[in-house]
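Trainee: Mind having a look at this structure? Questions to follow.
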Amino acid sequence: MSELQPLEGTGVRRNAVGSLLASLKSLWGILVIVLLWEFWVTASQLNTIVMPRPLDVVSDIATAPGIYFASMAQTLLLAMAGLTLGMFVGTALAILTWLSRILAGLLTPLGLIFASVPVVALIPVLARIFGYDIRTVLAIVVIISFFPAFVFTSAGLRALPLGSDDLFRVLGASTFRRLWFLAIPAAVPEWAVALRLAAANSILAAMVAEFLMGTSGLGHLFHAARADLDMSRALGASAIATVISVVSFLAASGFEKKVRQNWS
């Protein structure tokens, strides 16, 4: 047993080193951009008001973590709440269009209209309805998250295994039984795709809405820092938003992969 323990420890260390190297390989492009950024700013001797160095951005995040954390928590909370509501509304409307052709003809064009209108054009209208506060930010995130859920769930509900719907009809299954036992299980993988697409977009949508609305959150932090010519803080807010968007995307991608493995 004493001989096996060092071998096991060596194996664990090798796995850890291998995982670290794999992570670095996937991030090499970002590292190159950061190094080029650092070299360019240093060589050009640019003022930090024009363009700070990456080390200046990291230093600002490290010296004021409370400011960044409070803004990040606000943006993340709104993004996750909007994502949840948007996915729920999109899924519910997709199910309604599956149940009724009349509703399909009514709701599908409306969904396309909402998706085609730029977010910047929607904000003044929604602000008149909900007010210039976080409710409008939440509504923007819901709209952004709604469309992928509606489109992909609708496609999944109709992508039934060949002959399965005819079999259910022959066996006398009701519409709701066909929905529950056939259509919804078939739509789950496509729903996971919608979640993957909407997860990262929800963060960016919340930040854009906060920037234009002047409310709290990372978007407001970026706007205020830019107005004060504090580019280190502005880029720090952008970096935090990018990181949580990537993390959200990776988490949703992992969920989608597990769903496809279980449904395959």
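At position 90 of the sequence shown the residue is numbered 89 (numbering that gives the first Met the number 0), and the sequence of numbers has no breaks. Each residue gets a CB set at the ideal place from its N, CA and C atoms; glycine is no exception.
Does the structure place the segment 52-66 close enough to the segment 145-159 that three or more beta carbon pairs sit under 8 Å?
Mentor: No, the segment 145-159 does not touch the segment 52-66.
Trainee: Ignore the nearest five residues each way along the sequence and tell me which others in A251's own chain have a CB closer than 6 Å to its CB.
Mentor: Cβ within range, chain order: L194, R195, A198.
Trainee: What are the boundary residues of the alpha helix (DSSP H) that N200 is part of?
Mentor: Note, N200: alpha helix (DSSP H), 183-212.
Trainee: Do Y131 and M212 come within 8 Å of each other at the CB atom, strictly closer than that value?
Mentor: In this structure, Y131 lies closer than 8 Å to M212 by Cβ.
Trainee: Just how far apart, CA to CA, sit L166 and S215?
Mentor: Looking at the two C-alpha atoms, the distance is approximately 54 Å.
Trainee: To the nearest angstrom, how far is the alpha carbon of V56 from that of T107?
Mentor: So the two alpha carbons sit approximately 45 Å from each other.
Trainee: Using 8 Å as the threshold, is the segment 139-154 in touch with the segment 172-190, meaning 3 or more CB pairs across them?
Mentor: Result yes; three or more Cβ-Cβ pairs closer than 8 Å.
Trainee: Under three-state DSSP, which class holds K256?
Mentor: In this structure, K256 counts as helix in the three-state DSSP scheme.
Trainee: Alpha carbon to alpha carbon, what distance is there between R127 and S247?
Mentor: Taking the straight line joining both Cα atoms gives about 31 Å.
Trainee: With DSSP as the reference, label I243 as helix, strand or coil.
Mentor: Correct three-state label for I243: helix.
Trainee: Taking the alpha-carbon positions, what's the I32 to W97 distance?
Mentor: Between I32 and W97, the C-alpha separation is close to 47 Å.
Trainee: What number of angstroms, rounded off, separates the C-alpha of S173 from the C-alpha of I101?
Mentor: Each residue's alpha carbon lies about 19 Å from the other.
Trainee: Cutting at 6 Å between CB atoms, please list the residues of its own chain near N200, excluding the five before and the five after it.
Mentor: So the qualifying residues of the chain are I143.
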